[in-house]
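Here the structure is laid out as structure tokens; the discussion comes afterwards.
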Amino acid sequence: MRDFLAVPPVQVSSGVKGLAELIISFFDLLEAEGQLLQRNVLRTLRMALLFALGLLFGAAGLAFFVAALYNALSYVLDPAWVLCIMGIVCAGIAGGLLWMSLPGKKQTP
4 MRDFLAVPPV QVSSGVKGLA ELIISFFDLL EAEGQLLQRN VLRTLRMALL
54 FALGLLFGAA GLAFFVAALY NALSYVLDPA WVLCIMGIVC AGIAGGLLWM
104 SLPGKKQTP
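Following this note's numbering, the numbering of the sequence shown begins with 4 at its first residue and continues without gaps.
What follows is the structure, encoded as structure tokens:
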């Protein structure tokens, strides 16, 4: 009866060895996924920074365009009419930007 309950040492050592290999492979996978996550986070931050800078310079360029148009029109027209024209131009630009930001219809291949 005593031999029936005894566990051979080969099975115990192979079970511990399998568990150790499982734990090591889990941490190897965890390390690789962590490195991939770090690269993707850095890439996303770089893209967000470039996008923000692009928006900033785009807004500055649009402001210079509006100021130049106001200056050019103020030589020809009364300042009240110039401001009216500039309001229409700015509303058109804003409407165009909002229209471009709307999701388009899906095209079938």
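Glycine is no exception: its CB is placed at the ideal position from the N, C-alpha and C atoms. Being a predicted model, the structure only gives us computed values, none of them experimental.
{"Check": "Compute the Euclidean distance between the alpha carbons of VAL19 and LEU39, then round it to the nearest angstrom.", "Outcome": "30 Å"}
{"Check": "Tell me whether the beta-carbon of ILE88 lies closer than 8 Å to the beta-carbon of LEU100.", "Outcome": "no"}
{"Check": "By DSSP, does ASP31 sit in helix, in strand, or in coil?", "Outcome": "helix"}
{"Check": "Let me know the secondary structure DSSP gives VAL79 once reduced to three states.", "Outcome": "coil"}
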